[in-house]
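Asks: This is the structure, below, for whatever I ask next.
In UniProt numbering, the protein residues as written are 1 to 677.
Put into structure tokens, the structure is as follows:
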């Protein structure tokens, strides 16, 4: 809410929505200048709801290219003064009005997202809104309004505009309630022809809009989204705006990584040639040598050389991929060089983490990235990517995006725009217009763990509070920090230079590239990381680290169990021999995690059981110790599992649970430390 300038008891709602009473109202278009930008605006019908306070007001609507863009503020006057404000034609003379109340979101909207189609380049006396203060004050106001009758429609060859005509598709989307969302989902009937987003969100209201692709795909998503709300920008202008954010530090970091990967790639390619040459030489020597000690040594040398050759080959392939990722830095020496590369349409620079979070700040939007790959892999819980946060926005401590843009992401290949409501295909949505299901997903997947930028957004914080969810502080890692990396001090158990996330349904991904993971670029080619990336040697290694993974042999306390989870669930009922036995490997639910969990949940609430077992509070005191014991048994009784855990090095390992999100696997990392001594 924002307070009236006439009566402090009166407050106006801050919203960009068009008032229903202003629909189909003919209004004159005013030309003005605000925040050093030419704009057009129109006024709504007189509003009389505060007559008892002697206030009449008019909504101010930003307009462009014959259409209304957004409500941006209020013009108010005393009711008793209204008739004196009218000119000879019955229109309002703005010179006579009090200074307007401009909504806080209007400034970033106009500065970042508004480009007037008609620049008024031929106008001699443009009316100006001179900002009273160019600060980020919540109650930004505009003063010194100068409006000339000659600047009205008649003299700019424009006709009166209707707010929402039949040809104008910027309709207001009503705020969706939970009941309405649940009803929409309940009515959905899946069809093989439906797109993945319809199946994921259980609704036919979503569509995917493709674009020209290539290196421009992400920029095109932003362009198409804003065009759906009558904000006309181009991929070229977006690239130029991003390029202007390049600093010496960013240049140095990009350059450092390119040179590191490119030079190391060349080195490994040279080594690989030498190993191959030696391999052929040894094979010829073996063929020409009679059986004996010399031949046996040569065979041993061949095996040793082949192992080295395979290791260098893996490293070389990884370095080649990494060098390609930074290929745009070839021949780049200065900040201006990098700016030119970023500005090039369809060029080698593709939007990365730095670009994504920087564009969010520059255009005052929030990208909601949905991973098509995770959905197709059956990992529905990981579809929503919480993303990172721009360093400057973190420093501000608050973020009020004008629009949210939902994006379809195919890893390393393509971004597409996801639109909502097939009738109007809106690609940029206000918080009010966001589907309720999307808000729920953000709350569940991101806000509870302080992941991404959402915890800085007042609308989402309010939504979380309304649902009784306490939000965590934002993670200190940002998209900028992902690029400009610094040494991270080690804790006792881990170094978060590499973050691994394990999950019972995890698919094989390279270290640092799975959902919720990260890795500093310079660590992508270290040996243990390359080993884990070997899908043939260590398939589904993340699943194997998870407590749900079923093992062939796991003896704890003299009993055999199928998984750590079975042991932990059964431990609660250790004093009830029969029930305890059902969780063991040969027990009733010993071979199935889901059945074991069902038995646990149904048993723990029974009065007869509760009277015997340890209460929740007391069990939590020993739970960590039991888990550590079980994990130690798991990773010391199976050589493959032990090897996988050791290969994670000092990485921070998080475990993901559907209902709890991600949290550090502290006991697992303690066991890792024990078995690597």
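Think of the CB as a built atom: it goes at the ideal place given N, C-alpha and C, for glycine as much as any other residue.
Given the structure is predicted, the values throughout are model-derived calculations rather than measurements.
What does the Cβ neighbour count give for residue 607, buried or exposed, with the cut at 16 atoms within 10 Å?
Replies: Flag for residue 607 reads exposed.
Asks: Between which two residues does the beta strand (DSSP E) carrying residue 60 extend?
Replies: Run containing residue 60: 55-64, per the beta strand (DSSP E) assignment.
Asks: Does the count of Cβ pairs from the region 64-82 and the region 94-114 closer than 8 Å reach three?
Replies: Contact holds: three or more Cβ-Cβ distances are below 8 Å.
Asks: Which full runs of the alpha helix (DSSP H) of 4+ residues lie inside the region 587-615, going along the chain?
Replies: Runs of the alpha helix (DSSP H) inside the region 587-615: 593-604 and 607-610.
Asks: Is it right to say residue 374 is buried, meaning 16 or more other beta carbons lie within 10 angstroms of its own, or is it exposed?
Replies: Residue 374 should be labelled buried.
Asks: Taking the alpha carbon of residue 466 as the reference point, which residue from 443, 454, 456 and 348 has its own alpha carbon closest?
Replies: Cα-wise, what sits closest to residue 466 is 443.
Asks: Is residue 585 closer than 8 Å to residue 562 when the C-beta atoms are compared?
Replies: Yes, the pair counts as a contact, with Cβ atoms nearer than the cut-off.
Asks: With burial defined as no fewer than 16 other Cβ atoms inside 10 Å of the residue's Cβ, what is the status of residue 691: buried or exposed?
Replies: Absent from the structure is residue 691, since the part of the chain shown begins at 1 and ends at 677.
Asks: Report buried or exposed for residue 489, applying the criterion of at least 16 other Cβ atoms within 10 angstroms of its Cβ.
Replies: Residue placement at residue 489 is flagged as unreliable, the pLDDT there being 39, under the threshold of 50; a coordinate-derived value is accordingly withheld.
Asks: According to the neighbour-count rule (16 or more other Cβ atoms, all chains shown, within 10 Å of its Cβ), is residue 515 buried or exposed?
Replies: It counts as buried.
Asks: Hey, which unbroken runs of the alpha helix (DSSP H) at 4 residues or more fall wholly within the region 329-411?
Replies: Runs found: 335-343, 353-363, 372-376 and 391-396.
Asks: In whole angstroms, give me the CA-to-CA distance for residue 359 and residue 413.
Replies: The alpha-carbon atoms of residue 359 and residue 413 are separated by roughly 19 Å.
Asks: With a threshold of 16 other CB atoms inside 10 Å of the CB of residue 59, please say whether the residue is buried or exposed.
Replies: Buried.
Asks: Cutting at 8 Å between CB atoms, please list the residues of its own chain near residue 21, excluding the five before and the five after it.
Replies: Around residue 21: 44, 45 and 47.
Asks: With residue 272 and residue 316 assumed to form a contact (beta carbons below 8 Å), what rounded beta-carbon distance in angstroms separates them?
Replies: About 6 Å separates the two Cβ atoms, so the contact holds.
Asks: Identify which residue in 1, 459, 313 and 69 has its Cα closest to the Cα of residue 436.
Replies: Out of 1, 459, 313 and 69, 459 has the C-alpha closest to the C-alpha of residue 436.
Asks: With C-beta atoms as the reference, is residue 94 less than 8 Å away from residue 70?
Replies: Cβ distance not < 8 Å, so residue 94 and residue 70 don't count as in contact.
Asks: If you draw a straight line from the alpha carbon of residue 354 to that of residue 447, how long is it in whole angstroms?
Replies: Taking the straight line from one Cα to the other gives about 21 Å.
Asks: Does DSSP put residue 426 in a helix, in a strand, or in coil?
Replies: In the structure shown, residue 426 sits in a strand (DSSP, three-state: E or B).
Asks: Ordered along the chain, which non-local residues of its own chain (more than five positions away) have a Cβ less than 7 Å from that of residue 619?
Replies: Taken in chain order, the residues that qualify are 572.
Asks: Keeping to the same chain, check which residues put their C-beta closer than 7 Å to that of residue 275; ignore five residues upstream and five downstream.
Replies: Counting only Cβ-Cβ distances below 7 Å, and skipping sequence neighbours, we find 305, 308, 309 and 312.
Asks: I need the DSSP call for residue 283, collapsed to helix, strand or coil.
Replies: It is helical.
Asks: So who's on the other strand from residue 555, going by DSSP bridges?
Replies: DSSP output for residue 555 lists 560 as bridge partner(s).
Asks: Could you have a look at residue 632 and say whether DSSP puts it in helix, strand or coil?
Replies: Note: residue 632 maps to helix in three-state DSSP.
Asks: To the nearest whole angstrom, what separates the beta carbons of residue 499 and residue 651, a pair I think is in contact under 8 Å?
Replies: Right, the Cβ-Cβ distance comes to about 7 Å (below 8 Å), so this counts as a contact.
Asks: Are residue 404 and residue 434 close, meaning C-beta to C-beta below 8 Å?
Replies: Yes.
Asks: What three-state label does DSSP hand residue 302 in the structure shown?
Replies: DSSP places residue 302 in helix when its eight states are reduced to three.
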